[in-house]
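Worksheet: one structure, shown below.
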Amino acid sequence: MRIAQVSYHTNPVAPLGGRHTGGMNVYVHELSRELARLGNQVDIFTRLEGELPEVTTLAPNLRLVQLPAGPAAPLDKALLTPYVPAFVAEMNRFAADEGLSYDLVHSHYWQAIAAGEPFARAQDAPHLVMFHTLGEVKNRARVSEEEPGERIRRERELAASADAIITASGHEHDLLARYYGADAGRMVSIPCGIDTDLFRPRDRDECRRALGIKPDRPVLLWVGRLEKLKGVDILIDAVAELEDPEILLLVVGGDEHGEELRAELEEQAREAGLAGGVRFTGAVPHEDLPAWYSAADVCVVPSYYESFGLVAVEAMACGTPVVASRVGGLVSTVTDGVNGYLIPWRCPEPFAEKLEVLIRNPELRANFARAARDSVQRFRWDEVALRMEALYGDVIAARAGEEVPA
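For reference, each letter of the sequence shown is one residue, going 6 to 411 in our numbering.
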């Protein structure tokens, strides 16, 4: 198959940990790479930022296509919507110049879906969509969230027009049906994937030496984009509740766009008496994350909302137990009392309680670590890509009026 992957607002190969780079970037890049490895011709379309070549070959059968739409510079995604028509025109121009006809268009996030819809029509190809996050759900998850009404309205329209909607979990499936009226018959749940060769347990002491961490110090880890929806403030207060000066909290992620929040969190840590116990590292390369996961005793995911929760899966693949919010896709990846704990309340005390249990019980941590590694095998990228490829084939066949196997 010749497949167009559309990732408009963020480049899938951009460094992780920034304001608009995270699990979706990993998803689009890794899924595309695996589909290409299976023999499909895959082009990833993204918005051009800077003076870069239009086409870059990332792997055999896999190309990154960067097209101009608005200023060729990083922009907040809230400012990108007016340039969607220009991006569509550029995709149409590129396909015409190359003499290409795509069998299927797969779009990621609502702005990319808005671009992918007319492009798929022009190609006379089916359009598969994955929202990754939903505006209505974000607004409901945290009172101060202010996702615009335009986004929610367009998400509702785009959900109704897609040939198929891919959800990362059954929970996301239910949310789309409840808040967006999405047709259950056009939704398919396929989880996000993980590279279990990269994310595997490493020697804890070696990782700690490399990262400059004392071998006997209790270490908690948070990984992700620095934004308020991720709940780092809850985690800092939870660490303060533990009243243990030896505990080290590593906050991995963030870029210049998160400096204001980082300053707020650093001040919060100082006021809580944790100035020496919280270390902000900034973003680190994706391939380096296994060392951070392996060096930690517990990975904490205190988010208000996660459609899947890739960080939790990466941590568990490295044999690190997880304490996470009982929200979204985390419910389907973390099994409470088996490979980690799920916290139903967005407040520090219950997080502190479970963190103390794991910190003080190395045997329990070891049991959770073994279960964690076993629990993520179903998220191997080769398995996920095979399921996605089969879905693509079914949707193409249905579009052509062929009978699709039940």
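No residue lacks a Cβ here, since even glycine has one placed at the ideal position from N, Cα and C.
Query	Result
Per DSSP, cross-strand counterpart(s) of residue 285	256
Completely contained beta strand (DSSP E) runs for the region 281 to 352, where each covers 3 or more residues	283 to 287, 303 to 306, 327 to 330 and 345 to 348
Cβ contact (3+ pairs, closer than 8 Å) linking the region 376 to 395 and the region 36 to 47	yes
Bridge partners - residue 192, DSSP secondary structure assignment	170
Alpha carbon of residue 242 to alpha carbon of residue 332, nearest angstrom	20 Å
Beta-carbon proximity list for residue 78, same chain, < 8 Å, skipping 5 on both sides	54 and 55
Alpha-carbon spacing of residue 339 relative to residue 69, whole angstroms	33 Å
Distance between beta carbons of residue 7 and residue 447, contact taken as under 8 Å	With the chain covering 6 to 411 only, the question about residue 447 has no answer from this structure.
Residue closest to residue 185, alpha-carbon to alpha-carbon, out of 169, 199, 165 and 102	165
Every unbroken alpha helix (DSSP H) inside the region 38 to 68 [4 residues or more]	none
8 Å Cβ cutoff met for residue 412 and residue 28	Within the shown structure, residues of the chain are numbered from 6 to 411, placing residue 412 beyond reach of any answer.
Selected residue, minimal CA-CA separation from residue 1, among 87, 311, 50 and 49	There is simply no residue 1 to check, as the chain begins at 6 and stops at 411 in what is shown.
For residue 305 and residue 225, believed in contact at Cβ under 8 Å, the rounded distance	6 Å
Residue 8, enclosing beta strand (DSSP E) - first and last residue	7 to 11
Option nearest residue 268 by Cα separation, candidates 174, 232, 353 and 162	232
Reference residue 178, options 137, 330 and 282, closest by Cα	137
Three-pair Cβ contact test at 8 Å for the region 360 to 371 versus the region 97 to 107	no
Of the listed residues 230, 249 and 256, nearest to residue 240 (C-alpha basis)	256
Contacts around residue 378, its chain only, beta-carbon distance under 6 Å, and the 5 residues preceding and following it disregarded	324
Sequence-distant residues of the same chain with beta carbon closer than 6 Å to residue 180, five excluded per side	142
Euclidean distance between Cα positions of residue 372 and residue 344	8 Å
Residue environment, residue 292, which counts as buried when at least 16 other CB atoms sit within 10 Å	exposed
Spatial distance of residue 168 from residue 196 (CA atoms)	19 Å
Selected residue, minimal CA-CA separation from residue 250, among 229, 112, 223 and 266	223
Residue 110, enclosing beta strand (DSSP E) - first and last residue	109 to 113
Sequence-distant residues of the same chain with beta carbon closer than 7 Å to residue 374, five excluded per side	324, 325 and 326
Neighbour-count burial assignment, residue 380, 16 or more Cβ in a 10 Å radius	buried
Residue(s) in a DSSP beta bridge with residue 71	51
Spatial neighbours of residue 359 in its chain, beta-carbon cut-off 7 Å, leaving aside the 5 residues before and after	328, 346 and 348
Pairwise C-alpha distance: residue 115 and residue 286	31 Å
Three-state secondary structure (DSSP) of residue 178	helix
Three-way DSSP call (helix, strand, coil) for residue 225 in this model	strand
As assigned by DSSP and simplified to three states, the class of residue 412	Nothing can be reported for residue 412: it is not among the residues displayed for the chain, which extend from 6 to 411.
Segment limits, alpha helix (DSSP H) that includes residue 389	386 to 404
Cβ distance (whole Å) where residue 171 is taken to contact residue 187 below 8 Å	Between residue 187 and residue 171 the Cβ distance is about 12 Å, and since that is not below 8 Å, they are no contact.
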